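Numbering (our numbering), first residue to last: 137 to 281. Heads up, the beta-carbon is just placed ideally off N, CA and C, and yes, glycines get one too. Note that this is a predicted model, so its numbers are computed, not measured.
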């Protein structure tokens, strides 16, 4: 890696959705050896509607994701953060600014066209709206997840 690419991965914010996504993302990130990692889980609030799961249940999902991520990188200092918001990309971008990370790094979750059409493409919004580099890493093939 050259100096510019190393700077992009010096301090990273890594949004994760759940245990499986966190494990997959950590395994992919491991090969890039970043200096500082902040793993973020966004609890999506419905903005006035009824949430399908309790805050406690969603925080449990976040804790499981954080633990799965840390298990893949046991010798790395990893900070974790839970944020709450009605717009996931905006919440991720805000967290990156708050922590002043060099970039936002994630492994896209597979989804079909219909899902992206109905729910909006979070990855696309994140990439187009962020104020810092957003790096979408290629997914590693994992047999045991």
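Beta-carbon to beta-carbon, residue 175 and residue 191 are separated by about 19 Å, too far to satisfy the 8 Å threshold.
Counting every other CB atom within 10 Å of its CB across the protein chains shown gives residue 233 a total below 16, marking it as exposed. Nearest in C-alpha terms to residue 159, of all of 264, 267 and 244, is 244. Looking from the CA of residue 157, the closest CA among 202, 238 and 182 belongs to 202. With fewer than 16 other CB atoms across the displayed protein chains lying within 10 angstroms of its CB, residue 260 is exposed. Taking the Cα of residue 149 as reference, the smallest distance to any Cα among 172, 143 and 167 is reached at 172. Under DSSP, residue 215 forms a beta bridge with 174.
With fewer than 16 other Cβ atoms inside 10 Å of its own Cβ, residue 264 counts as exposed.
Counting the other Cβ atoms within 10 Å of the Cβ of residue 182 gives fewer than 16, which makes it exposed. Judged by their CB atoms, residue 258 and residue 218 are not nearer to each other than the 8 Å cut-off.
The Cβ-Cβ distance between residue 262 and residue 228 falls below 8 Å.
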